Each structure stands twice: as structure tokens, then as C-alpha cells.
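A.B. asks: Chains as they are written, first to last, in the working numbering: chain A, 163 to 457; chain B, 6 to 168; chain C, 3 to 785.
Glycine included, each C-beta is placed from N, C-alpha and C at the ideal position.
Keep in mind the model is a prediction, meaning the values are calculated, not measured.
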Amino acid sequence: MYDFNALYEANTLQEALELKATYPHALLLAGGSDILIKLRDGKYTGCDLISIYTLDELRGVELLDDGTIVIKPLTSFTDVAQNPILLKYVPTLCEAVEQIGAPQVRNIGTIGGNICNGVTSADSATTLKAYDAMLVIESQKGKRILPYLEFNLGPGKVDLKEDEILTAITISKESYNATYGHYIKYAKRKAMDIATLGCSVNVTLSGDKSKIERLRIAFGVAAPIPVRGINTEKETQGHPVNAELLNLIRERVLDDVTPRDSWRASKEFRLHLIQELAVRATREAIIKGGGSIDD
Amino acid sequence: MTKKSIKCRVNGVNREYFVDVRSSLMDLLRGPAGLDSIKHGCDVGECGACTVLINGRPFNSCIYLAVWAEGKEIVTLEGVTNPDGSLSDIQQAFVDEGAVQCGICTPGFIMASIPIINQETPSTREEIRRQISGNLCRCTGYQKIVDAIEKTQKKRIAEKKKG
Amino acid sequence: MLSEPNQTKLTQKMPILTLEEMMSIVGRSLNRVDASDKVTGKAKYTGDLVTPNTLVAKVLHSTIANGVVKSFNLDEAWKVAGVVDIVTCFDVPDIAFPTAGHPWSTVEAYQDIADRKLLNTRVRLYGDDIAAVIAETEIAAQRALKKIEVTYEEYKPLLTIEEALANTEIPIHDEFPTNIVKSHKYEIGNFEEAIKAPNLIKVEGEYETPIVKHCHIEPAISFAYEEAGKIVVVSSTQIPHIVRRVCSQALGLPIGKIRIIKPYIGGGFGNRQDALTEPLNAYLTTRVRGRPVKLEYTREETFAFTRVRHAMHFKITSYLNREGDFVARSVKAYSNQGGYASHAHALVANAINAFRMMYPVGAIKGEAYTVYTNLATAGAMRAYGIPQISFALESHIDDIAKVTGLDPIAIRKRNMMKLGYVDPITTITCHSTGLEECIERGEKYLNYSEKREKYSKQSGAIRRGVGMSIFCYKSCVYPINLETSACRLVLNQDGSAQLQMGATEIGQGADTVFTMMAAETLGFTIDKIHLISRQDTDVTPYDSGAYGSRQTYVGGMSVKKTAEKFKAEILKFAGKLLKRDPWDLDIVENQVVRKNKKEPLISVADVAIEACYSLKESIHIAAEETHHCSDNTYAFGVCFVEIEVDIPLCQIKVVDIINVHDSGKIINLQTATGQVHGGMSMGLGYGLTEYLKFDPKTGRMLNDNLLDYKLMTAIDTPELHADFVMPYDPTGPYGNKALGEPPTIPVAPALRNALLNATGVAVNSNPLNPQKLFYAFKEANLI
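1) Would you list the residues sitting across from residue 13 of chain B in a DSSP beta bridge?
2) Going by beta-carbon coordinates alone, are residue 311 of chain A and residue 291 of chain A separated by less than 8 Å?
3) Let me know the secondary structure DSSP gives residue 314 of chain C once reduced to three states.
4) Residue 525 of chain C and residue 591 of chain C - do their beta-carbons sit closer together than 8 Å?
5) Just the C-alpha distance for residue 147 of chain B and residue 663 of chain C, rounded to the nearest angstrom, thanks.
6) Alpha carbon to alpha carbon, what distance is there between residue 689 of chain C and residue 350 of chain A?
7) What does residue 682 of chain C touch in chain B if you count any residue whose Cβ is under 7 Å from its own?
8) Taking the alpha helix (DSSP H) that residue 661 of chain C belongs to, which residues open and close that run?
9) Answer yes or no: do residue 457 of chain C and residue 443 of chain C have a C-beta to C-beta separation smaller than 8 Å?
10) Provide the residue span of the beta strand (DSSP E) that contains residue 365 of chain C, from first to last.
11) Using a Cβ cut-off of 8 Å, pull out every chain A residue sitting near residue 148 of chain C, in sequence order please.
12) Who are the neighbours of residue 21 of chain B on chain A, taking C-beta pairs under 8 Å?
13) What's the C-alpha gap between residue 13 of chain C and residue 473 of chain C?
14) Skipping 5 residues on each side, what residues in its chain have a beta carbon closer than 7 Å to that of residue 839 of chain C?
15) Is the Cβ of residue 712 of chain C closer than 8 Å to any Cβ of chain A?
16) Are there three or more Cβ pairs, one per stretch, closer than 8 Å when the stretch 130-145 of chain B is compared with the stretch 71-88 of chain B?
17) Are any of the Cβ atoms in chain C nearer than 8 Å to that of residue 434 of chain A?
18) Mind pulling the alpha helix (DSSP H) runs of 4 or more residues that sit fully within the stretch 459-536 of chain C?
19) When burial is assigned at 16 or more other CB atoms within 10 Å of the CB, is residue 622 of chain C buried or exposed?
20) Any Cβ of chain C within less than 8 Å of the Cβ of residue 174 of chain B?
21) Kindly give me the distance between the Cβ atoms of residue 285 of chain A and residue 320 of chain A, rounded to whole angstroms, as I take these residues to be in contact under 8 Å.
22) Compute the Euclidean distance between the alpha carbons of residue 267 of chain A and residue 140 of chain B, then round it to the nearest angstrom.
23) Who are the near neighbours of residue 40 of chain B in its chain, counting only those whose CB is closer than 6 Å to its CB and skipping five residues on each side?
24) Between the alpha carbons of residue 63 of chain B and residue 136 of chain C, how many angstroms are there, rounded?
25) Can you say whether residue 445 of chain C is buried or exposed, counting buried as having 16 or more other CB atoms within 10 angstroms of its CB?
26) Where does the unbroken beta strand (DSSP E) through residue 593 of chain C begin, and where does it stop?
27) Does DSSP classify residue 265 of chain A as helix, strand or coil?
28) Considering only their Cβ atoms, is the gap separating residue 146 of chain C from residue 66 of chain C smaller than 8 Å?
29) Rounded to the nearest angstrom, what separates residue 99 of chain C and residue 283 of chain C at their Cα positions?
30) Assuming residue 480 of chain C and residue 267 of chain C form a contact by the criterion Cβ under 8 Å, report the distance between their Cβ atoms to the nearest whole angstrom.
31) Could you tell me which of C/33, C/90, C/162 sits nearest to residue 696 of chain C, measuring between CA atoms?
32) Would you decide whether residue 313 of chain A is buried or exposed? Buried here means 16 or more other CB atoms lie within 10 Å of its CB.
33) Taking Cβ-Cβ distances below 8 Å as the criterion, which residues of the stretch 336-354 of chain A are in contact with chain C?
34) Could you check how far apart the C-beta atoms of residue 104 of chain B and residue 150 of chain B are, in whole angstroms? I think they sit under 8 Å.
35) Determine whether the beta carbon atoms of residue 568 of chain C and residue 609 of chain C lie at a separation below 8 Å.
36) Ignore the nearest five residues each way along the sequence and tell me which others in residue 234 of chain C's own chain have a CB closer than 6 Å to its CB.
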């Protein structure tokens, strides 16, 4: 039995927005795999909850005419992983969420929840950031669209006002077209684990596969929030696909990250992993993109 | 304390329960529904002992609100046993392969294995292991559990081929 | 062939093979007797038996690790709706009691240390039990707990052995002013004299093992009520009869006023070889006039506030000659006890005994200290101190091999225990050994020697390595502790029988092997034995419980003895009916026959119905016998493992692994294999991923849950291979020896030795987790 005060169940998005406006302090319950656990732990004792779990209008993945992919926030990790549109155009995202928890967790956990709880280890976050995902955020007052890169404000803190709900995650065609990615989750177990470090890389190669036209790299647990490797990305634009590229990445990524010491892993170890994973993920992404690379 | 009426199908029978909205699905199933095959191991979705099928997929009933069960099809281990009380193939395989020791995780494992044994194509042992990785067992080292699931999946696929 | 002064030369024979061949049920691979109930959800565990009107109790745990509770403010807690009672450390009986699951010693010097009360004013670990709330609902109990204010006098937490030994101004327990719970030494031969021999090679090493957790999937749980003037505690325990005694001691009540019921339990692994929630739960029901009260720990409480495996530190010194024979060896061991004694010094004592027994050659000396600290209380866990010493000793053997260039298997074979060995301190005798064959099978399975040679010459980021390790393990706790077990058989009118054991089923398959043993000796088929799984101390014969891998060895003997008596009673009555001498009769497949003949004379069912309803001379055939065990024997085994190391990622992947065991005659291959797999899995965790972390400032356990504690999932676990060598042990009831605990012992050191083979890096502590490898590889300039 959970010790919360009130449960408001929304049956439509409109109702959910109304409830959020009426009870701004109430916590929004998507799959609950984060909030219910914290509630049991005594963190939210006596809170009010607005459940949007049953809102099927916020589930599913669509491909718009202009090629934009729209992922509704309540889509479960299982459904993200198995979605034909995503498998075709952004398979890296499918691979990333496949590494979350285990089947039970992937069935209840939602991609929107993963983003909105704002943790740096979120497995979907790194890949969505690496693909420059946009977030559609709604309230009764209206709708705003925000680059996901600007959404995380700090550990567990996101740019979501009390009356707002995330209603869609979008990836533009420009972002995924001819682009190949790879995600590495580094954890202590192959299942049921939080990333010690996550690294998602995607590359767009020149026609002859000899040059990097665009490289985007994002990390989880390398900073208080999921971050992009801005410096690394800049320096690798137009770089020939060769061993030197990997060396450059190995050096540059250190300028992009600020991991910390925790009882789960030391800063020194994380920095080592950041370098190693960045190189390995890049190599894999290049290979998927049809390029080849030797160390 | 708010109570709410929940209508759902449990093990093939339409049911209606009047539950405290603060209940987890595990609270509902082990309590009013009287289905105590569902075991309590961690309360936070880490051990899988409370796994049930909701609309055919495995969920940890400890972190699923009872009110979300409205309109859902729920299957527990009690619903896996054949109607005449005899063991279904997967249960018999767990017995024959020695996949059971202390037994506290067994109901959760059998529930997690249902989607695997119903697959159309055979899984590798690695794939089976991945699909049961949300269920922890301290007794068996998983070896014979994987054996039981693999054996049952093979048997069912062979039966389907025969028609 | 070596000649060692303390080993008798005997050639290994399997002398009683004919007896073994005569067995028709023992040795078969049969399905478990409880499997059907467990796959249908019919099997009832403690939590399934709780009645709906049961009150809920929750314990308030201290938020300091070392200090004294000065006062409580309960005002706000009492205001919470649904609170029935609040009990604090100032309210409970002023009785200190022991919790360890040992049979009681009538000799005071050997009694377990009584160092805790039902709730403690003197706080000795973060989370010590200081108060409890009884409420109508769990939510009410939790809310009340949150409202209790506590004032403490706080002392510096002493979290390491060094800190505890250095800070004795305020001892953790007043009765132990140095914080040392106990220490002891032994010396076999003359160590100082022995090391004077010329041309000896000296190898030293220090090894450390971590605190780990049992992780049975069912949390600690009990419920208690009063009935017929007694306190009844239904509990998930391995040791109902011992828990009964502990509850009586804790509450200051006669033992007959306590009744413990043990249904199916969701794993134990030694954690439940201790009184856990039961004594407080028994007390709490008396606070509410005997109403049922449930005391169920959360997963986090089960982690932090039940028992853990002792962390140990070993310093080993070995002297050997150029051929690889040990001349002198010494071990100095420190064991971190945590806040309360529980099983205390018994574990490290067991560890340094095994140090001697494993390689009983030359002069040997051992020294061990058990030290109180303000960490989680350590108790029994699968193989009782032996995983710790085996990690140290078996790592050390490969270190010796590295230093000397000798072959690690050759060193082991030269020096390991041989048939006929009599331990000079415990007198435990090696009545059978298949260790050499275990090594040979493991070696062959993995192609170890060839691979070891090949892998020692690698470079590159991804490397392979092979490692192995051996062990010996006693089959029960004799003569260190009492070994006793009773059994009852009662005949039904249909010729079937109830088999009732004090020994407990905890998942290991005890019920199944007892059923097989009874059927074997009686000449019954399996289906005619109805084993009563649930223990109820009011009616169940006495047995100390499930621990020390003693069930098939000690409990098995009581089954055999009782079954022999029971069979004689049946044949006596059959003899009367048949007008034949009962000594000329036997039972085969539920039929009474003439000895060594097959033709049935009368069925046991017909005998039974006549015995029950005879108008002339009814008799209700039953038998109950005690086996007082006064022998012991060694089980052996090996682990061979191949790993792949990704050096830059600091990750180890197990490529292949096998355990080969000599546990004597295997009673049931299916359940035995299951035990080996489970033990290997636990050993893999011990070797690679598992350890408990504590906040260095507060002493709070940090990874007290199944997400942060890295128990292996199915996908993390490699395919496990098990094999058995089966010498028939003359002291085992059916030729059998210990099996439950041993499989977990050799895995961690084998992994460590494989890493040494792969990389040349000797990591002297387990687990070999990535961060540890990172620093080790860095130091070795591999990354």
C-alpha cells in the first residue's frame, strides 16, 4: 500500500492538463517506476498524484509527412524498442532502451518518464540528445517546443513548469537521415542496472565514407545531467575516418565532461571509461555507416 | 481513504474488486483476489517475484497501481495451471528439469517465461536469459530454469508446426 | 609419493560398492517432492499464512552507528491513527541473549555470546533496533515510526578492524574491553624449527575478502500470536528448534511456552541460521494480549539488519622446498564481526582450521582474531568461513606457482589432504576422497594445463586466462558442536507412511532426499512416503536445523535408523500374520517378501490395515529414533574456469566454468546438480560483483537493495557445468558426504587465478569488480 494522499486519474490529455493546473503540486505519474519507488522509500509520503498512465493518446510513434518522427511520451520502452519506424530510422534509440532494466521494467517504464525525471543515467536520454530531439510541452495555456538539449537544468531538475506536461518527443529527418549511431551502456550487470556510464555516438559520413560530415556524441553519468560532447563534435567535423580520429576523440572528450566521485564509481575510473567508450562507440557507428577504421 | 471499483479479467474470469486506491496490483491480487502465488521480494520491481501478465506482457505487480488494472486481462500462476488442476507444460518442465529449489521466485519465473514459450521462432539461450533477467534467483544459478524454458519453447514450436 | 608424518598411507578403494549397487532409489535422479506445489503456487510461505486481522509491527532503526539512546519523544507518534503500541529499548526485558544457530552448549565456556537485547539502548551499528511500533496497518506503523524523535549520545563509528582495535576508550560491548570478541592460536609441529631447513623458498601474501549478503529472495519475516498459553511464532527460519530456545532465553520464558512453526521458506543460505525477527516478534505479541503481530523486514532492512558474511583479512606465509613440498605454513586472520557476536569467532576458527586441513603437510600454525566493529552484524553464510580462507589460500598457491615456476596443480596434488588423514586438532578423519579425480576431470574438461601455458604469453587488450582452485569441507559440525537429529515414521492404513523430520527443507532439497532415503531403507516406493515438510516444535522431532551441509549426513542417519526400526516393526507384525520368523522377511516395493526372494507374501498395505484394525491385537506402527552423530568426514571439490578479460573496459567475462565435486555417493543427481549450480552462481558473484559498501562517515549500508547490490541476473550468469566423483563414504548413511555449501567455495579463487594467468596481475581481494581492476591494471601499466 502506497502512502499518498490523493490520486487523480486523467482520462484525456485535456483532463490531465486541467488537473495539473488545478493541483500544480501533484506529481505526474506515468509508468510510476520512479515515483512509486521513491514514494515507498518515504520520499513523497502524503503527496498527491495525477495518473496519466492510461492515456493512450499519449502512446505510440508516428512518422509525419516531412519525415519527422514523433514519439509520444507514454510509449513504453518495450514499444520504443520494437517500433518499426524507430527500428528503421533511429535503431540506436531502440538498442539503448533495450538495455534498460529487464522486460518488466521496460513494459512499465515510459520514455517520457525517463526524460522527465531528469537523471543523468537515463538510457534513452543520451541517444535522444545525440539526435537533437525536440520536446513538445503543453499546458492549458498553450504549447511550447524546446530542444531537449536545453531541458535538463540540474540533477533531477528539468524545465517543466508545474502545470506542464511533456506531450511529444520529435526527431527531425535532417537529424537521422543517412546517420548511423551506436550506444554503449557500461554497467556492472547486463540487466537490472543503472549505467555507470553511457555513451551514444552518431555519424554522418561523406559519400565515399572517408570523412566525417557530422559526428554527435552524448554521455550519461559523465556530468550532473546527460551532456553532448560539444568540443569533440566541433573538432571532428570533416575529419578523415582514420585512427587519428579516434585518438582525437579520446583526447577531446575530456573537455566535454565533468564526472564526479561517488560510491558507485570514482571520477578517475569514469574519465577512463568516457575515453574508452567514446572511441568504441564511434568506431561502431562508423562501421554501421559503411566506413572502416583501424586503430 | 478513497476506494474505487475495479473491473478486470483475472485468469480468464471477469471480476470486480473494491479497492483502496493506494493499493498496488500485488496488494489487490494477494489480498481481495486471494492469489498468493504472487510473492513479495523487494516491493520496488527489482526481483521479479511478483511478476504477473497484464494483457500478455510481464509486469512487476508491486509497482503497478491496482486502479490501472481496470479493463485489463491479468494472468497469474494460478491461471497457468490447467483447468483440471494438472500441470501445464511449462510447470511440468520446471519440475522435470529441477528448475525449482526454494520456490519463492518460481511463480515469477514461470510468468516471465510465458511470452518466451509462446514465441513463433526459437530463442537462443542467451535470448532466454535476457528475457528472464528481471527475475532474480539465488538458489539455482538459472541453469535449469533456462533449460525448462528452452525445452518448453521447443516443444510448443514443434507442436505448432505439426498443426 | 610423498611421505608426510601426519598422513596415513592408504590406497583409495571403494570398498562397499556392492552395498551401493543394492540401492534402488538412492542415486536416482528424481523430481523434488515439493516441486508440484511450488510450480502451482500452492506452497505456503510465512507471508501466505498471515491472517487478515494481523497487526503490523515495524522496527525503528538507529540513525547512528555507535552511541547510546538517551530519550525518545513519542508524543507525535502516538497521535497517528491506527497505532496500537509503541515499545522502546527502555521497555523491553533487561535480558541479553545470543542469536547464533548453534545447538546449546551445556558447558558455559562454549555457549554463544549473549550480547543483545530485544531492543538496544546501547547502539552498536547504524540501524540498530531501538524501538518498535505495532499498528493496525503498515501505513500507520510507518507514519508513526517517522514521528518518533530520538536523542542520542553519539560516539565515533568504528568501522574497520584497525579503528576498533585502536579505539577502546568506549568499547562496543563493555564485556569486551579490547573490542576483540575472541582470539586463538594453534601450532602443529614446530614452525620456527621447520623454517631453519636449508634452501627453502618463502612466499608471503595478504588477502582480503569483502562483506557480502545471502540475498534469499524472501525477506526476513515472521508473525506471532498466543494460543493455549503459549507464544506461537510462525517464521521463515532454517532452525526452528534453536529459534525456540533463543526466544525462550530472550523473553525469560520456559522453552515449553514457545512454539515455532516453520513453513516453506524462500531461501536461507545461513542468514536464517540465526534468530532474526522472531524474539522481538514473540515479545510484541505479548504486548497486545496475544493478538497476531507480523514483523516483516523490507528488502533494505533484510540487507542491513539481518546478518552478513564476515569480511576477513589473512596474512599467509609459506615455506617450501625446491620440489614444491610445504615445510612450514602460517596464517594470521582477522575477522570483522560487526556490532553483535552472532556466530562470532566460530567462522574464522573454521577458516584457519581449513587452512591446516587443506594442505596438512609440515609445520603449520594459525592465529585468528574476531573483532567487534560498528558495521552490520556478521553471521553464518554458505560454507561458514571457508569461502574466505579459500580465496586467500588458493590465491596464495597460484602466487607460489608464479614465484617458483612450479605447476599450480602439481603443488596442490603434492600437498593436499590424502585418504586416512586424521586432523590433529579436531580428529576429523578423511574416510574417503575423490579429490585427485576431481582435479583430473576438471583439468581435462577445460584443457587447463595447455591453455594456461598458452595464455601466459599474451599481449593485447582482450586476453584469455584459466584458473583453478580446490577445497575440502567437513560434512557436519562434529566434534566442534553437538550433532544430533531425530526422525519419526508413522504407518497409515494404506501402507504409506508419514515421515517427519526435525531437519528442515530450505530449498536445498532435503525433503526429497529424506523421502528417498526412507523409501530405500523401508523397501517402499517413493509415493508411499508422505514427508511432512512443515516443522512445528510442539510435534516435530528435534533437529538443530539446516546448516553446515549436515542434513543428508546427520539427518540422513536418523532417517536410516528410524526406517530400520520402523521396518522391523512392520515385519514383526507381518511375521505374526504370516506365521513366519520376521528375520526371514523383507520389504520390496511395498510388498512383504522372504529375504532375497521376489514373490510377494502380503502387501504392506494389508499388514497396515490389519495392524490398525485387528480385533485381536491392534498396533499403531510408528518409530522414532535419534541419531547422535559422533563422526565426520571431508567432502572435496574443484573449480576450473576460463575467462576473457577486456583490459581497457576492466571487465571479465566467464567463457567456461565447471565444478567437480566429491560429496560421496550422490543421493539425487537432479537436486545435487541444482545445489552445485546455485553455489557456483553465488561463488561467481563473490568473485566478480558482490560486496556491501558502507558510508565511511556514518557506517550506513549504501547498497542495501537488489539494484545496487550486484547479484547476478540470468544474463550475467554463464552456462554452468557440474560433475561428480562418487567414492562411497563409509561413515555417511548412504555413502554420502556434505554438498549444500561446498559448491560456492572454489569459484572466486579460480577466477582470481584465471585473471593472474591472463594478465599477470595478482588481485588479492575479491570481488574482481571493474573499478578494482581499473586501478590494478593501471598500476601494472596495462592501461
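C.D. replies: According to the structure shown:
1) DSSP lists B/20 as partners of residue 13 of chain B.
2) Result yes, Cβ atoms of residue 311 of chain A and residue 291 of chain A sit closer than 8 Å.
3) The answer is strand: DSSP assigns residue 314 of chain C an E or B state.
4) Yes. Within cutoff.
5) Taking the straight line from one Cα to the other gives about 19 Å.
6) Whole-angstrom Cα-Cα distance: 13 Å.
7) Within chain B, the residues 146 have their CB atoms less than 7 Å from the CB of residue 682 of chain C, given in chain order.
8) Where residue 661 of chain C is concerned, there is no enclosing alpha helix (DSSP H), although the beta strand (DSSP E) it sits in stretches over 653-664.
9) Their beta carbons are not under 8 Å apart, which means residue 457 of chain C does not touch residue 443 of chain C by this criterion.
10) Residue 365 of chain C -> beta strand (DSSP E) spans 365-374.
11) Listed along the chain, the chain A residues whose CB falls inside 8 Å of the CB of residue 148 of chain C are 204, 207.
12) Per Cβ cutoff of 8 Å: no residues; residue 21 of chain B is ~17 Å from chain A at best.
13) Confidence in residue 13 of chain C is poor, its pLDDT being 47 and thus under 50, which makes the residue's placement unreliable; the coordinate value appears in the next sentence. Roughly 21 Å separates the two Cα atoms.
14) Only positions 3 to 785 of chain C appear in the structure, and residue 839 of chain C is not among them; the question remains open.
15) Residue-level contact by beta carbon holds for residue 712 of chain C and chain A, with a gap shorter than 8 Å.
16) Counting C-beta pairs with one atom in each stretch, the stretch 130-145 of chain B and the stretch 71-88 of chain B have fewer than three that are closer than 8 Å, which means they do not touch.
17) For residue 434 of chain A, a Cβ of chain C is located within less than 8 Å of the residue's own Cβ.
18) Qualifying alpha helix (DSSP H) stretches, in chain order: 512-524.
19) With fewer than 16 other Cβ atoms inside 10 Å of its own Cβ, residue 622 of chain C counts as exposed.
20) Beyond the ends of chain B as shown, which are 6 and 168, falls residue 174 of chain B; an answer cannot be given.
21) Contact between residue 285 of chain A and residue 320 of chain A is absent: CB atoms are separated by about 16 Å, not below the 8 Å threshold.
22) In this structure, the CA atom of residue 267 of chain A is about 11 Å from the CA atom of residue 140 of chain B.
23) Within the same chain, residue 40 of chain B has close Cβ partners 34, 81, 83.
24) Straight across, the Cα-Cα distance linking residue 63 of chain B with residue 136 of chain C is about 35 Å.
25) Buried is the call here.
26) For residue 593 of chain C, the enclosing beta strand (DSSP E) has its first and last residue at 593-596.
27) Residue state, collapsed to three classes: helix.
28) No; because the gap between Cβ atoms is not below 8 Å, this pair is not in contact.
29) Cα to Cα, the separation comes out at about 15 Å.
30) Not really, about 25 Å apart at Cβ, beyond 8 Å.
31) It is C/162 whose Cα lies nearest to the Cα of residue 696 of chain C.
32) Buried is the call here.
33) Per Cβ criterion, the list reads 348, 350, 351, 352, 353, 354.
34) Here residue 104 of chain B really is in contact with residue 150 of chain B; their C-beta atoms are around 4 Å apart, less than 8 Å.
35) Cβ distance not < 8 Å, so residue 568 of chain C and residue 609 of chain C don't count as in contact.
36) A distance below 6 Å between beta-carbons, with the five flanking residues on each side excluded, links residue 234 of chain C to the following residues of its chain, in chain order: 227, 261.
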